[in-house]
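Chains P and Y, in that order, are what the protein sequence lines are. Counting with this note's numbering, you get residues 517 to 986 for the letters of the first sequence. Counting with this note's numbering, you get residues 897 to 1083 for the letters of the second sequence. Heads up, the beta-carbon is just placed ideally off N, CA and C, and yes, glycines get one too.
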Amino acid sequence: MAPGAKQHPPVHIDFGDIQGDILRAYGNTYDCTSYAFVHIDCAPEQARAWFSGVVDHVTTANPWPRGEKPLTTLNVALTAPGLRALGVSDDKVGSFSREFREGMSDAARAVLLGDVGPSAPSQWERGLGTGETHVLLTINAQQPVDHKRALGKMKAAMKAAGGVRVIYQEDTEMLPGAREHFGYADGFAQPAVEGATERKVRGGGIPLQDGGWRAFAPGEFILGYPDEDTRVDPQRRLPNMPADPLGRSGTYMVWRKLYQDVALWRRTMRAAAKLYTAGDEDLLSAKVVGRWANGTPLVTHPDAPDDEFHPSSSQANDFRYDDDLDGMRCPLGSHIRRSNPRDALGWGGSLSFRHRMIRRGMPYGAVLPEGVMEDDGVDRGLVFVSFQASISRQFEGVQVQWLNAGNIFGLGNDKDYLLGDPFGKGKMTIQGKPPFLLSPQETFVTTRGGEYLFVPGMTALAALADGTTG
Amino acid sequence: MLRRRDPNVVGQAYGFQAMTPIRPGEEDALRAYLEGLYDDDRPSPLAKLERTHIARWVIITDFVNDRAWGQRRAEHLELPYLVFTSNFDGDLDSYLDELCSKLATEAAEVWGRCVGCPVQAEGAALKAYLKHNQVDCGLFFTPYGDATVPVVKDALAQREQMIAFATDSQGLDPAALQAAFVREFGG
Chain P
517 MAPGAKQHPP VHIDFGDIQG DILRAYGNTY DCTSYAFVHI DCAPEQARAW FSGVVDHVTT
577 ANPWPRGEKP LTTLNVALTA PGLRALGVSD DKVGSFSREF REGMSDAARA VLLGDVGPSA
637 PSQWERGLGT GETHVLLTIN AQQPVDHKRA LGKMKAAMKA AGGVRVIYQE DTEMLPGARE
697 HFGYADGFAQ PAVEGATERK VRGGGIPLQD GGWRAFAPGE FILGYPDEDT RVDPQRRLPN
757 MPADPLGRSG TYMVWRKLYQ DVALWRRTMR AAAKLYTAGD EDLLSAKVVG RWANGTPLVT
817 HPDAPDDEFH PSSSQANDFR YDDDLDGMRC PLGSHIRRSN PRDALGWGGS LSFRHRMIRR
877 GMPYGAVLPE GVMEDDGVDR GLVFVSFQAS ISRQFEGVQV QWLNAGNIFG LGNDKDYLLG
937 DPFGKGKMTI QGKPPFLLSP QETFVTTRGG EYLFVPGMTA LAALADGTTG
Chain Y
897 MLRRRDPNVV GQAYGFQAMT PIRPGEEDAL RAYLEGLYDD DRPSPLAKLE RTHIARWVII
957 TDFVNDRAWG QRRAEHLELP YLVFTSNFDG DLDSYLDELC SKLATEAAEV WGRCVGCPVQ
1017 AEGAALKAYL KHNQVDCGLF FTPYGDATVP VVKDALAQRE QMIAFATDSQ GLDPAALQAA
1077 FVREFGG
């Protein structure tokens, strides 16, 4: 369907059946997040008894009354082996998407995703990508003390149930100013979804040719709702989803632990800037990212950041690339332009609007103090989390075709410079007069682990807990 | 009188496609054989035909029917089909001669599982079979029909050489840049 088409019946979203933090973010008040990967080592009946207790505490997408934010939240996702461990039949598991069933660490898939060399699944941290993870519990907390209490309760419940244990845990914390470790404001460019987050439609929706924007059909992110393909289907069919009762109100989740070598990044930018516009490191780094450190888009502010810019403003993402098609302001291969090309690929946006994701990542590890140029050995980076109706079309489409390749942008073999290269090869072309070829492309980011998961809706969670999924 | 343009030719490039029904009961074996040809560690057997730009075998099991979009009745294939397509340099006859000799082993495994293929799937008999099952291109699209495979490979190598040079020589003063250019590309 053309991005501009508008005729369709209104959508009503059943927020009470959808887990929280997917369509609408819990927000920055929850600045501690733990991801606990659980292995089930007991019979399905025993596992379901434990799971049932978990499900009772899961936070839904229902809005909280003003001032009544819970101190902690809990959300649940499962891998394909996890569904089986809870007793779901092979037939039902077979109704899930192929990439979910095969997993992120599948050998052929890892090559496509760029998880090779130091990022290869064989190098991942213990417990990740091995098929041992069954359930992922995500715990958000407002305060460290609440966080500690919630983790204690989780572990006590596991001990009492027996046969379930945490095999990997990642604790993350919001960095000052909601920045990621390279120093950039992150996570504020999200898709605007019809019936949920329409107020962010300018810059978050689909750019229309008349200059306006349109929110995404919810089925792009939540199963059981019309997506951009089916929203005007005369038969009112829904997109494919796992068999009832598992699919409805659910979404696929991608979880990746991405180590960032901050000192290497700083040294590389400093050395390369000596050959670039008067040694301007900030400008060179902004060219790589597509935004200045505070989030100001380069395409609207090519010479200097807007000091008044605020990522949470409704205007923060309201920009397009139609008057910068040659990339002179924001390079064609910059990180944000690759990740979300908006109207940059032409054809009225038809080539890009089916490849958006909702991201809920969090940084982990302590900040490398400003000015430090040598690595201190601390493990730090980003836990990347995305939610989408199709891992292959959305996450993998972006990762494989847009970030790990340059062809669609007319950039030959160039990859996303910010993500680095596992073998320290490659370069970035920064358009200009003359253009600048930024190299070497070092291993700035290394994949340390990851999983493909499914986040069931509340009805599905109850069926999983009761063993009535079939 | 106007001569009808060959729908399979753009510039010097030829687009060949042949559709052959797969013998009952042979689809799985053919699929397994074709999947076995895919190996990251060794080149495709189709690379033995050095004039080839892009070539592939595809199995089509049936039509996609979708009545929601105005289709009046469902249609189905009686047998699954093997589709072979190849874009290559030069004329069809000499290319098929090359295919029938250099790909004799693979051809017997692939087309030997198709309806009507000669018992000895090789040489002139195989060539005649492929030509008999040729389907003219509806739209043969090629971005550089005048460039042969060696020309394309040479252009890519030059591109890589130029990128490496441009990257390494950034920041040189004009005299040093000229000297480096002469060293790299000759005077």
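Checklist entry - Which residue's Cα is closest to the Cα of Ile-956 of chain Y: Y:Val-979, Y:Ala-943, Y:Arg-963? => result In the second sequence, residue 956 of chain Y corresponds to position 60, counting from 1. Among Y:Val-979, Y:Ala-943, Y:Arg-963, the Cα nearest to that of Ile-956 of chain Y is on Y:Val-979.
Item to check | Under 8 Å by beta carbon: chain Y residues contacting Ser-955 of chain P | outcome: As a position in the first sequence, residue 955 of chain P is number 439, starting the count at 1. Ordered by position in chain Y, the residues that pass the 8 Å Cβ test against Ser-955 of chain P are Thr-1063.
Checklist entry - Given a threshold of 16 other Cβ atoms within 10 Å of its Cβ, counted over all protein chains shown, does Ser-765 of chain P qualify as buried or as exposed? => result Against the first sequence, residue 765 of chain P aligns to sequence position 249. Per the 10 Å Cβ criterion, buried.
Checklist entry - Lys-943 of chain P versus chain Y: which residues are under 8 Å apart at the beta carbon? => result Translated into the one-based positions of the first sequence, residue 943 of chain P becomes position 427. Correct list: Ile-1059, Thr-1063.
Next on the checklist: Tell me the DSSP secondary structure of Thr-516 of chain P in three-state form.
Outcome noted: Given that chain P is displayed from residue 517 to residue 986, the structure contains no residue 516 of chain P and the question cannot be resolved.
Item to check | Cβ-based contacts, 7 Å cut-off: residues of the segment 785–797 of chain P near chain Y | outcome: Leu-791
Checklist entry - If the cut is a Cβ gap below 8 Å, which residues of chain P does Gln-1066 of chain Y touch? => result Residue 1066 of chain Y sits at position 170 when you count from the first residue of the second sequence. Within 8 Å Cβ-Cβ: Leu-791, Phe-952, Leu-953.
Item to check | Reference His-524 of chain P, options P:Arg-845, P:Asp-982, P:Arg-753, P:Glu-648, closest by Cα | outcome: Within the first sequence, numbered from 1, the residue matching residue 524 of chain P stands at position 8. By alpha-carbon distance to His-524 of chain P, the top candidate from P:Arg-845, P:Asp-982, P:Arg-753, P:Glu-648 is P:Arg-753.
Next on the checklist: So, under 8 Å CB-CB, Val-574 of chain P and Val-592 of chain P are touching, yes? Tell me the CB distance rounded to an integer number of Å.
Outcome noted: Here the question's residue 574 of chain P lines up with position 58 in the first sequence. Here the question's residue 592 of chain P lines up with position 76 in the first sequence. Yes, Val-574 of chain P and Val-592 of chain P are in contact; Cβ-Cβ is about 6 Å, under 8 Å.
Next on the checklist: Taking 9 Å as the threshold (C-beta atoms), are Met-769 of chain P and Leu-969 of chain P in contact?
Outcome noted: On the first sequence, residue 969 of chain P is found 453 positions in, with the first residue counted as 1. On the first sequence, residue 769 of chain P is found 253 positions in, with the first residue counted as 1. Yes, Cβ-Cβ distance for Leu-969 of chain P and Met-769 of chain P is below 9 Å.
Checklist entry - Does DSSP put Tyr-551 of chain P in a helix, in a strand, or in coil? => result In the first sequence, counting from the first residue as 1, residue 551 of chain P sits at position 35. Looking at Tyr-551 of chain P - three-state DSSP - the assignment turns out to be strand.
Checklist entry - Which residue's Cα is closest to the Cα of Ile-924 of chain P: P:Val-709, P:Leu-867, P:Arg-540, P:Asp-838? => result As a working mapping, residue 924 of chain P is identified with position 408 in the first sequence. Closest option to Ile-924 of chain P, Cα to Cα, is P:Leu-867.
Checklist entry - Can you tell me the Cα-Cα spacing of Thr-1001 of chain Y and Met-915 of chain Y, whole angstroms? => result Within the second sequence, the letter at position 105 stands for residue 1001 of chain Y. Within the second sequence, the letter at position 19 stands for residue 915 of chain Y. Thr-1001 of chain Y and Met-915 of chain Y: Cα-Cα distance of roughly 20 Å.
Checklist entry - What residue does the alpha helix (DSSP H) around Met-1058 of chain Y start on, and which one ends it? => result By 1-based counting over the second sequence, the position of residue 1058 of chain Y is 162. Note, Met-1058 of chain Y: alpha helix (DSSP H), 1045–1064.
Next on the checklist: Please return the same chain residues whose Cβ sits closer than 6 Å to the Cβ of Tyr-700 of chain P, not counting the five positions on each side in sequence.
Outcome noted: Here residue 700 of chain P corresponds to residue number 184 of the first sequence, with the count starting at 1. Only Val-805, Ala-809 meet the Cβ criterion.
Next on the checklist: On the DSSP bridge list, what partners appear for Phe-980 of chain Y?
Outcome noted: Locating residue 980 of chain Y in the second sequence gives position 84, counting from the first residue. Paired residue(s): Y:Ala-914, Y:Trp-953.
Checklist entry - Is it buried or exposed for Ile-950 of chain Y, if we count other Cβ within 10 angstroms and need 16 for buried? => result For the purposes of this step, residue 950 of chain Y is identified with residue 54 of the second sequence, where counting begins at 1. Counting Cβ neighbours within 10 Å, Ile-950 of chain Y comes out exposed, since fewer than 16 surround it.
Checklist entry - Among residues of its own chain, excluding the 5 on either side of Ser-908 of chain P, which ones have a beta-carbon nearer than 6 Å to its beta-carbon? => result Along the first sequence, one-based indexing puts residue 908 of chain P at 392. These residues qualify, in order along the chain: Glu-615.
Checklist entry - With distances taken between CB atoms, is the gap from Ala-541 of chain P to Ile-738 of chain P smaller than 9 Å? => result Sequence index remark: in the first sequence, residue 541 of chain P carries index 25 (1-based). Sequence index remark: in the first sequence, residue 738 of chain P carries index 222 (1-based). The answer is no: Cβ separation not under 9 Å.
Checklist entry - Contact check, Tyr-977 of chain Y vs Ile-918 of chain Y under 8 Å by CB: the rounded distance? => result Residue 977 of chain Y sits at position 81 when you count from the first residue of the second sequence. Residue 918 of chain Y sits at position 22 when you count from the first residue of the second sequence. Going by Cβ atoms, the distance from Tyr-977 of chain Y to Ile-918 of chain Y rounds to 7 Å, so yes, they are a contact pair.
Item to check | Every unbroken beta strand (DSSP E) inside the segment 1010–1050 of chain Y [3 residues or more] | outcome: Qualifying beta strand (DSSP E) stretches: none in this window.
Item to check | Euclidean distance between Cα positions of Asp-572 of chain P and Pro-761 of chain P | outcome: For the purposes of this step, residue 572 of chain P is taken as residue 56 along the first sequence, with counting starting at 1. For the purposes of this step, residue 761 of chain P is taken as residue 245 along the first sequence, with counting starting at 1. Distance between the alpha carbons of Asp-572 of chain P and Pro-761 of chain P: 18 Å.
Checklist entry - Residue range of the alpha helix (DSSP H) that Ile-852 of chain P falls in? => result For the purposes of this step, residue 852 of chain P is taken as residue 336 along the first sequence, with counting starting at 1. Unbroken alpha helix (DSSP H) run through Ile-852 of chain P: 851–855.
Next on the checklist: Judging by CA-CA distance, which residue of P:Lys-803, P:Gly-893, P:Cys-548, P:Gly-864 is the nearest neighbour of Asp-726 of chain P?
Outcome noted: Position 210 of the first sequence, counted from the first residue, corresponds to residue 726 of chain P. It is P:Gly-864 whose Cα lies nearest to the Cα of Asp-726 of chain P.
Checklist entry - According to the Cβ coordinates, are Lys-1027 of chain Y and Leu-992 of chain Y closer than 9 Å? => result Mapped onto the second sequence, residue 1027 of chain Y falls at position 131. Mapped onto the second sequence, residue 992 of chain Y falls at position 96. Cβ atoms of Lys-1027 of chain Y and Leu-992 of chain Y: closer than 9 Å.
Item to check | The alpha helix (DSSP H) enclosing Trp-566 of chain P, as first and last residue numbers | outcome: Residue 566 of chain P sits at position 50 when you count from the first residue of the first sequence. That run of the alpha helix (DSSP H) goes 560–571.
Checklist entry - In three-state DSSP terms, what is Ala-492 of chain P? => result Lying outside 517 to 986, the shown extent of chain P, residue 492 of chain P is not represented and no answer is given.
Checklist entry - Helix, strand or coil: how does DSSP classify Thr-688 of chain P here? => result As a working note, residue 688 of chain P is residue 172 in the first sequence. Strand.
Next on the checklist: Contact criterion: CB-CB distance below 9 Å. Does Val-632 of chain P meet it with respect to chain Y?
Outcome noted: The residue labelled residue 632 of chain P in the question sits at position 116 within the first sequence. So, not an interface residue.
Checklist entry - Nearest chain Y C-beta to Val-485 of chain P closer than 9 Å, yes or no? => result Residue 485 of chain P lies beyond the stretch modelled for chain P, which goes from 517 to 986, so this question has no answer here.
Item to check | Residues bridged to Trp-729 of chain P [DSSP beta-bridge criterion] | outcome: Within the first sequence, the letter at position 213 stands for residue 729 of chain P. According to DSSP, Trp-729 of chain P bridges with P:Pro-723.
Next on the checklist: Taking the beta carbon of Phe-903 of chain P as the centre, do at least 16 other beta carbons fall within 10 Å, making it buried, or is it exposed?
Outcome noted: Within the first sequence, numbered from 1, the residue matching residue 903 of chain P stands at position 387. Buried, since its Cβ has 16 or more Cβ neighbours within 10 Å.
Checklist entry - With burial defined as no fewer than 16 other Cβ atoms inside 10 Å of the residue's Cβ, what is the status of Val-971 of chain P: buried or exposed? => result Here residue 971 of chain P corresponds to residue number 455 of the first sequence, with the count starting at 1. That one is buried.
Next on the checklist: So the candidates are Y:Tyr-910, Y:Gln-908, Y:Trp-953; which of them puts its Cα closest to the Cα of Leu-930 of chain Y?
Outcome noted: Your numbering for residue 930 of chain Y matches position 34 in the second sequence. For the residues Y:Tyr-910, Y:Gln-908, Y:Trp-953, the minimum Cα distance to Leu-930 of chain Y belongs to Y:Trp-953.
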